[in-house]
Structures are given as C-alpha cells and as structure tokens.
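These notes are about the structure you will find just below.
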Amino acid sequence: METAFDSAPAHHGIAPHRCGECCTTLRGVGASYGGEPVLEDVNLHLHCGELTAIIGENGAGKTTLVRCLLGETPHSGEIHFSDAARRRKDSPIIGYVPQRVSFDREAPVSVLDLFAASLEARRPACLGVSLSVRGRTIEGLRRTDASHLLKRRLGTLSGGEMQRVLLALALTPVPNILILDEPVSGVDHSGRKKFYDLLSRLRRQYDLAVLLVSHDLASLARFADRLVFLNRRVVCEGPPAEVLRDSRVREAFGLESIT
Amino acid sequence: MNGVWLEPWHRAVSLLPFEWAQYSFMRLALLAVILIAPLLGGLGTAVVANRMAFFSEAVGHAAFTGIAIGVILGMSGPLWPMVGFALLLTLLITWIRKRGGLSSDTAIGLVMAATVSLGIVILSKGGDFARYTNFLIGDMLGVTPSDVAGLAVLTAIAAALFLVFFNRLLLCSMSPALARSRAKRPGVAELVFACTLAVVVTCSLPWIGILVINALLIVPAAAARNLARNTAEFFAWSIGVAFVSGIVGLIVSFYASTATGATIVLAAVAAYAVTLLFSRRRTG
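Heads up: the protein sequence lines correspond to chains H and P, in order.
Numbering of the first sequence is given in our numbering, commencing with residue 66 and proceeding in unit increments.
Numbering of the second sequence is given in our numbering, commencing with residue 241 and proceeding in unit increments.
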C-alpha cells in the first residue's frame with residue numbers, strides 16, 4: 066500500500082544541509098497490548114537531517130511507537146532503514162534518550178562508568194575504564210558541552226546536565242536515528258531552550274534523523290520540521306504551523322483560546 | 241580429597257606467632273573465609289545496586305526445603321538438593337516477576353513463605369529439627385580440605401560469570417529502558433547473575449549460616465557506598481571490607497568462642513559504622 070508519504074523526495078531543497086537519502090520507513094505498523102490495539106496502520110518516513118516530533122494525548126501510542134522502532138515490542142507491518150546508497154539495513158544504529166531516568170541518587174556511578182558500561186566490549190567497569198573508552202567518552206561529552214561532567218556522580222547532576230549526558234551517550238556512536246522520549250520533562254524553561262538549540266545544532270552537524278516524543282508544543286512549533294499527531298493511527302502530519310492549525314489537534318491540546 | 245596439596249598453606253600460616261594459627265581447623269577456615277568473603281563482597285555490589293537483597297535472602301532461606309528434599313530422597317549430603325532447589329526457585333521468581341501482576345517483593349515474599357514453611361514442616365516431622373540448627377548459624381570451623389577445593393572452583397566460576405555480565409548488570413541497575421537500548425539481551429545478564437548468586441549463597445551457607453549469609457552480601461556493599469565515588473571504587477571497597485571483616489571476625493570468634501558467621505557480620509557492621517564517619521555525603 067503506497068501512501069502520500071512516498072512523495073518525500075518533493076521535500077528536497079527545503080533543508081539544503083541534509084542529504085535526504087537515508088530514510089527510516091514505517092509501513093502499516095501496528096501493535097497491540099493484551100489484545101487491545103495500541104497502534105494501527107502507522108505509515109511514516111523519517112529522513113536524516115529532519116526533526117520529526119510525535120504529539121498526542123496520553124495513551125495515544127507514542128511510547129509504543131518508540132518501542133517498536135527500538136525493537137522492544139513486537140509489531141505488524143514493516144520498519145526498515147535504508148542508507149544514502151539506498152541499501153537496506155536491518156539494524157540501523159539507534160541512539161535513544163529514555164524518558165525521565167530515575168537513577169538512585171546515592172549510587173556510586175560516575176558519568177564515565179555509565180559510558181564504560183555501554184561502550185566497553187570486554188572490560189567490566191568495576192575493574193577501571195580503558196583509555197580508548199575514556200577517549201570516546203570525552204569526545205562524546207564534548208558534543209553536548211558536557212566534558213566537564215566526566216567524573217561526576219550521576220546522582221549529583223541537575224536535570225539539564227543529565228539530559229546532556231544522556232544525549233551524549235545516545236550520540237556515541239553517532240546513530241542513524243536519534244530517538245528522544247519526553248526529553249525535557251522536568252527541565253526548566255531556559256534549560257529547554259538550551260536543549261533544543263543543542264539538538265538543532267547536532268542534527269545539522271551530524272545530519273541526524275531525529276524523532277522526538279513531546280508535549281512541549283511551544284518549543285516544537287519552533288524547532289520541529291514536522292509534527293505527527295498520533296492517536297493510535299496518524300491523524301495528521303506536516304509542518305508545525307499546519308498541524309497546529311488542525312481542529313483535531315487544537316481540540317486534543319486545548320488550543321482553542323490561542324490564535 | 242586429602243589435604244596434601246594444602247601443606248604449603250598450613251606450613252606458612254603456622255609460622256604466624258598466634259595461638260589460633262597453630263590449629264589446623266583454623267588454617268582451613270581462614271582459607272575458606274579468604275575465598276568466600278571477597279566473593280560475597282564483590283557480588284554484593286550488584287545485589288545492592290540492582291535491588292536484589294530480598295531475593296538473596298529468600299534464596300538463602302529456601303535452603304530449608306532443599307535440605308528437606310535431600311532427606312526425603314535419602315541423599316547423603318544436602319548440598320546438591322539445596323543448589324538444585326535454589327536454582328529452581330530463582331527461575332520461578334524470575335518467571336513470576338516477568339509475568340507481572342505481583343510486585344517483585346510480594347512475589348518473593350510469597351515464595352519465601354512457602355519454601356521456609358515447607359522445609360521446616362518436613363524437617364520437624366518427628367521432632368528432629370534440632371539436627372539441622374547447624375545450618376542456621378553455620379559451622380565455619382568444620383571446613384574440610386575438599387570443601388576448600390570446592391569453594392575455590394565455585395569462586396573462580398562465579399567471579400568469571402559476574403565480570404562477564406557486569407556492564408550489562410550495571411546498565412540494568414540504572415535504567416531498564418537504557419539497558420534495553422544499549423546492551424545485548426540484558427534479561428539474560430540478570431538471569432545469569434540471579435542463578436550465580438543463588439548457587440554462591442547456597443554453597444556458602446553451611447559455613448556462614450542461613451540467618452546471616454545475606455548480611456555478608458549487603459553490609460560490605462553498604463559500607464562501600466559511603467566511600468565510593470565511582471564503580472571501581474565501590475567494587476574495591478566492598479571486597480576490601482568483606483575481606484578484612486572476614487579475617488577479623490574469624491579470629492575474634494576463635495578467642496571469644498562465638499559463631500564465626502555472625503561474628504564476621506558484626507565486624508562488617510563495625511566497618512560500616514566507621515565508614516559513616518568518612519561518608520562522602522558528609523564531605524559533599
């Protein structure tokens with residue numbers, strides 16, 4: 066079943082920085098939980114260099130969609146990734162920033178330990194960190210201006226610092242797709258702006274396909290290239306200005322009073 | 241197995257100018273403590289970080305049922321039925337947790353209630369329970385050379401498995417969502433660790449005692465948490481505290497004529513109290 070989304074090449078030229086060739090395609094994706102359908106017939110294209118935001122009410126299937134992409138939830142339909150040379154890849158590198166990680170504040174785990182546990186092939190983090198992983202960690206943290214946090218315990222980081230560390234981790238190695246689940250919940254207004262500025266810069270720098278799940282409509286209107294309003298299926302999608310004018314979106318988010 | 245291979249150890253320790261070092265059973269017990277205590281201290285870091293303290297407690301207590309099964313089957317020693325039952329229990333608890341419905345501590349509490357009672361009912365039939373009280377407080381001074389050999393093999397295997405799965409366990413302890421996205425099959429790591437823990441606890445408790453075995457997992461790690469700023473320090477401090485309190489506890493129990501397992505635990509608790517004074521939380 067071909068859908069309107071296959072007209073994607075028409076978007077070329079809007080954002081000159083992106084190659085527009087690599088693409089994650091979701092075709093007829095569906096998932097159910099305990100017999101109840103949570104997602105039905107979702108069709109989406111995620112292009113590199115493009116920030117796509119999923120919006121929707123609680124229980125609309127946003128997190129389930131993320132879990133399908135991560136390969137954590139069985140789904141029907143098809144998800145595949147093809148790179149710039151149009152080669153299909155079954156397992157793209159996915160960078161993932163989870164929703165509100167609740168670390169044990171007293172746990173003796175440093176930022177470096179977190180990276181070591183994720184990046185070390187053999188050496189257990191309890192026996193120290195190899196020089197190569199330390200180097201990759203510093204390099205990763207520099208991308209999000211967080212290299213000064215290397216030795217800090219995770220429990221001592223502020224919400225904004227934690228987000229930058231998790232973002233740096235998701236970018237090491239540089240992924241094909243970056244997925245963020247409610248990345249700014251619990252971060253204050255100026256922290257949010259900084260975070261989105263950083264995200265926009267990184268997206269351009271690394272030509273990332275970014276998928277964001279968020280409720281923060283005001284920021285999304287500014288920073289997202291495309292909004293997808295999900296309510297079990299894709300209700301509407303397009304440029305933020307267009308989607309935010311849609312009556313179904315306005316009703317769901319109580320936007321009647323705003324013009 | 242006779243103890244010829246232990247001759248160099250006996251000769252070396254007996255050179256120490258202490259009364260306890262002149263007894264063969266003390267030298268064997270010392271070797272057993274040197275093997276068990278750091279192993280429990282090291283595994284304890286993950287028990288604390290991954291919130292498995294109640295699980296390890298339940299596995300230790302389930303030994304009653306393991307012993308009872310051995311008695312019913314007419315087996316000569318209780319060790320194999322104990323280990324077998326502990327593994328079965330680990331799988332059962334993992335399955336219940338995975339299935340959901342019951343919260344983890346309710347599930348474990350339920351299983352523990354069932355196994356402890358079942359074991360006690362079977363063992364107390366005919367008023368014979370007193371025979372098994374040794375398991376409650378442990379008998380460190382009854383270690384034989386073949387026990388020491390068994391413990392050495394156990395320590396080597398358990399330490400190797402633990403180190404192989406350590407990074408994945410660390411990610412699981414921080415965030416399941418993060419672990420799923422960064423680690424290969426984190427669930428396997430958790431299951432292997434739970435099984436390793438079950439076997440180590442079960443094999444150590446004839447010497448340490450059912451009532452106090454869990455403390456040897458928890459207390460050194462709790463003390464280490466007060467001092468450590470990162471994972472490597474946490475691990476090193478926990479092993480160090482377990483090692484030192486193991487030796488101190490053994491020697492004190494010799495002179496004070498007390499149960500060794502519980503004396504070691506008290507030494508570890510004393511170490512914990514000392515670490516509170518140097519806690520990084522106080523110094524910021």
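Positions of the beta carbon are idealized from the N, C-alpha and C atoms, including for glycine.
Check: 8 Å Cβ shell around H:Ser284 - same chain, five flanking residues per side excluded; Outcome: Val249, Arg257, Lys258 and Tyr261
Check: Whole-angstrom distance between P:Val440 and P:Ile397, CA atom to CA atom; Outcome: 10 Å
Check: Minimum Cβ-Cβ distance from P:Ala511 to chain H less than 8 Å; Outcome: no
Check: Residue nearest to P:Leu391 in terms of C-alpha spacing, selected from P:Val488, P:Leu255, P:Phe258 and P:Leu279; Outcome: P:Leu279
Check: Euclidean distance between Cα positions of H:Ser255 and H:Ser183; Outcome: 30 Å
Check: H:Glu185 to P:Asn407 span [Cα, whole Å]; Outcome: 8 Å
Check: Any beta strand (DSSP E) of 3 or more consecutive residues that is wholly inside the segment 155-236 of chain H; Outcome: 159-162
Check: Cβ contact (3+ pairs, closer than 8 Å) linking the segment 291-301 of chain H and the segment 113-122 of chain H; Outcome: yes
Check: Selection of the segment 410-441 of chain P by Cβ proximity to chain H, strictly under 8 Å; Outcome: Leu410, Leu411, Ser413, Met414, Ser415, Ala417, Leu418, Arg420, Ser421, Arg422 and Ala423
Check: Buried/exposed call for H:Phe146, threshold 16 Cβ in 10 Å; Outcome: buried
Check: Per-residue contacts from P:Asn470 into chain H (C-beta, under 8 Å); Outcome: Pro173, Val174, Ser175, Leu177, Asp178, Lys216 and Arg218
Check: Interface flag, H:Phe146 vs chain P, CB-CB below 8 Å; Outcome: no
Check: Assigned secondary structure, H:Pro102 (DSSP; H/G/I helix, E/B strand, else coil); Outcome: strand
Check: Those residues which DSSP pairs with H:Cys88 across a bridge; Outcome: H:His112 and H:Ser147
Check: With 16 other Cβ atoms within 10 Å as the buried cut-off, status of H:Gln228; Outcome: buried
Check: Nearest neighbour of P:Val388, chosen from P:Phe375, P:Ser444 and P:Cys412 [CA to CA]; Outcome: P:Ser444
Check: P:Val505 - containing alpha helix (DSSP H), residue span; Outcome: Thr500 to Leu517
Check: Coil, strand or helix - H:Ser141 by DSSP; Outcome: strand
Check: Any C-beta of chain A under 8 Å from that of H:Tyr98; Outcome: Included in the structure are the protein chains H and P, with no chain A among them.
Check: Contiguous beta strand (DSSP E) assignments of at least 3 residues, all confined to the segment 462-497 of chain P; Outcome: none
Check: Pairwise C-alpha distance: P:Ala303 and H:Cys133; Outcome: 42 Å
Check: Beta-bridge pairing of H:Arg298 - partner residues as DSSP gives them; Outcome: H:Asn296
Check: CA-to-CA distance, H:Glu204 to P:Thr523, given in whole angstroms; Outcome: In this prediction, P:Thr523 scores a pLDDT of 46, lower than 50, which makes its location untrustworthy; the coordinate-derived value is nonetheless stated afterwards. The alpha-carbon atoms of P:Thr523 and H:Glu204 are separated by roughly 30 Å.
Check: 8 Å Cβ cut-off: residues of chain P touching H:Leu135; Outcome: Arg420 and Ser421
Check: C-beta contact flag for P:Leu283 and P:Leu457 at 8 Å; Outcome: yes
Check: Meets three-Cβ-pair contact criterion under 8 Å: the segment 157-172 of chain H and the segment 231-249 of chain H; Outcome: yes
Check: Test: H:Ile120 CB closer than 8 Å to a CB of chain P; Outcome: no
Check: Proximity below 8 Å, CB of H:Thr89 to CB of H:Leu111; Outcome: yes
Check: According to DSSP, residues forming a beta bridge with P:Gly312; Outcome: Per the sequence shown, residue 312 of chain P should be read as Ile rather than Gly. Per DSSP, none; premise fails for P:Ile312.
Check: H:Leu263 - partner residues in DSSP beta bridges; Outcome: In DSSP, H:Leu263 forms no bridge with anything.
Check: Minimum C-alpha distance to P:Ile479 - residue among P:Ile274, P:Pro257 and P:Ala434; Outcome: P:Ile274
Check: Sequence-distant residues of its chain with Cβ nearer than 6 Å to H:Glu302 (five each side left out); Outcome: Val293
Check: Selected residue, minimal CA-CA separation from P:Asn454, among P:Val505, P:Gly367 and P:Thr395; Outcome: P:Val505
Check: According to DSSP, residues forming a beta bridge with H:Val107; Outcome: H:Val94
Check: Any C-beta of chain P under 8 Å from that of H:Ala211; Outcome: no
Check: Span of the beta strand (DSSP E) around P:Asp214; Outcome: Lying outside 241 to 524, the shown extent of chain P, residue 214 of chain P is not represented and no answer is given.
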